[in-house]
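Read through the structure below, which is laid out as structure tokens, and then see the notes.
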Ligand code: SAH
Ligand code: SF4
């Protein structure tokens, strides 16, 4: 009987915890309100933020300059999540990929790129983290590992923040750039992503400048317009991958909802409103989207919205039929864009050897188990 009672207690506390907001999901002003409501001086909120984002405390207990009573009250009110590193895969050029387990056992992945190529207008000598925003993805692009197993759920803001904190801890280094290009569609998890971005950007948080934060979208036109209304000058990358509706429809189901014209007009709006150049990402897939004609059409779209183009040779995904074009074909595609005066980079892929494209490590781990890489737990 005693055993049963214990189980009942732990289940109910789990349910209660589950419903709590995580401390790393709240903004400083919300924390101040909570502290004030507890009858404590508001400056404690700044102390808490400092414990979280500067001293990197892993529990309320570690916040030793707060009274024990306040620490207990905070623990009553907020959960204090953590994510576990399950695997780390490192490429020779030290691009590293992390597989994380969340509190509900869901798996997500993030990538650390130590000296990133000069992409999205950011400097090239910076450390970049690529974060996930959802478990799986509902958009089902035909070439992408994240969409293969469908969609489970959106991440909470703290689960996004924790990816960065965990990688900084593992790397022993502060990150300079954050790109939302891991698993999931960031603009389909708009509120949580914006909440996380505000924490990443805040001086009391991770203090990373808005221009060092890039959100990538598969083309959710209405949310692009919504993002344009946000005050932060974050950067936008649009996954185009096809320059005509015919090609894009084949590989990106989202295009049937928001076709290229609708998407371009949202991009126009974003660029004008933010006075900013956005980036078109374009994966080169052999025989699908790499014809000369697609290159010329892409150049026309890029000129219209003053976008830069980032060409990415396709990373093969086990179980999918697509391949990357030959080096010659890649260079030819690049030269057509450049001949049209479009600022274009061709990613000489980092991390190809660690399955760096989003969703691949998770898929590999779930399907095959422990084949390569470092198993940490
Ligand atoms: N859902 C968002 C962000 C995550 S995907 C989006 O689609 O933009 C991040 C980028 O990785 C996208 O440009 C996506 O198209 C690209 N990608 C997906 N699978 C890939 C693969 N196998 N090889 C190369 N890039 C890939
Ligand atoms: Fe989802 Fe982006 Fe992958 Fe498409 S490319 S399935 S939107 S994660």
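Residue numbers (the working numbering): 62 to 438.
All residues carry an ideal CB built from backbone N, CA and C; glycine is no exception.
Item                                                                                                                                                      : Value
If you compare alpha carbons, which of 371, 244, 397, 203 is closest to residue 316?                                                                      : 203
If we count the other Cβ atoms within 10 Å of its Cβ and call it buried at 16 or more, is residue 105 buried or exposed?                                  : buried
Nearer than 8 Å: is that true of the beta carbon of residue 319 relative to any heavy atom of the ligand SAH?                                             : no
Alpha carbons only, please: which of 108, 231, 247 is nearest the one belonging to residue 215?                                                           : 247
Smallest Cα separation from residue 356: which of 399, 328, 118?                                                                                          : 399
Quick check: the region 370-387 against the region 313-327, are at least 3 beta-carbon pairs closer than 8 Å?                                             : no
Using three-state DSSP, classify residue 123 as helix, strand or coil.                                                                                    : helix
For residue 190, verify whether its CB is less than 8 Å away from any heavy atom of the ligand SAH.                                                       : no
Assign residue 90 to buried or exposed, taking buried as 16 or more other Cβ atoms, counted over all protein chains shown, within 10 Å of its Cβ.         : exposed
On a CA-only basis, which of 148, 344, 261 is nearest residue 110? Give me that one, please.                                                              : 261
Tell me whether residue 343 counts as near the ligand SF4, meaning its Cβ is closer than 8 Å to at least one heavy atom of that ligand.                   : no
Mind listing which residues have their beta carbon within less than 5 Å of any non-hydrogen atom of the ligand SF4? Chain order is fine.                  : 198, 200, 202, 205, 207, 208, 246, 279
Could you compute how far the alpha carbon of residue 151 sits from the alpha carbon of residue 128?                                                      : 42 Å
What residue does the beta strand (DSSP E) around residue 208 start on, and which one ends it?                                                            : It is not in any beta strand (DSSP E) - residue 208 instead sits in the alpha helix (DSSP H) that spans 206-209.
Taking residue 328 as part of the alpha helix (DSSP H), name the residues at either end of that continuous run.                                           : 321-335
With DSSP as the reference, label residue 238 as helix, strand or coil.                                                                                   : strand
Report the option in 370, 394, 250, 390 whose CA atom is closest to the CA atom of residue 404.                                                           : 370
Nearest CA to the CA of residue 220: which residue from 329, 365, 258?                                                                                    : 258
Are residue 343 and residue 401 touching if we call contact CB-CB under 9 Å?                                                                              : no
Which class does residue 342 belong to by DSSP, given the choice of helix, strand or coil?                                                                : strand
Across the region 262-274 and the region 307-316, are there enough close Cβ pairs to call them in contact, namely three or more that are closer than 8 Å? : no
So for residue 353, helix, strand or coil by DSSP?                                                                                                        : helix
Provide the residue(s) that pair with residue 277 in DSSP beta bridges, ordered along the chain.                                                          : 298
Is any heavy atom of the ligand MN found at a distance shorter than 8 Å from the C-beta of residue 159?                                                   : In the structure shown, the ligand MN is absent; the only ligands present are the ligand SAH and the ligand SF4.
Taking the alpha carbon of residue 445 as the reference point, which residue from 232, 112, 290, 363 has its own alpha carbon closest?                    : A question about residue 445 goes unanswered here, because the residues of the chain that appear run from 62 up to 438.
Per DSSP, what kind of secondary structure is residue 250 in: helix, strand or coil?                                                                      : helix
Can you tell me where the alpha helix (DSSP H) holding residue 439 begins and where it ends?                                                              : Residue 439 lies beyond the residue range present for the chain, which begins at 62 and ends at 438; the question has no answer from this structure.
With the cut-off set at 9 Å, would you say residue 456 and residue 194 are in Cβ contact?                                                                 : Residue 456 is absent from the model: the chain starts at 62 and stops at 438.
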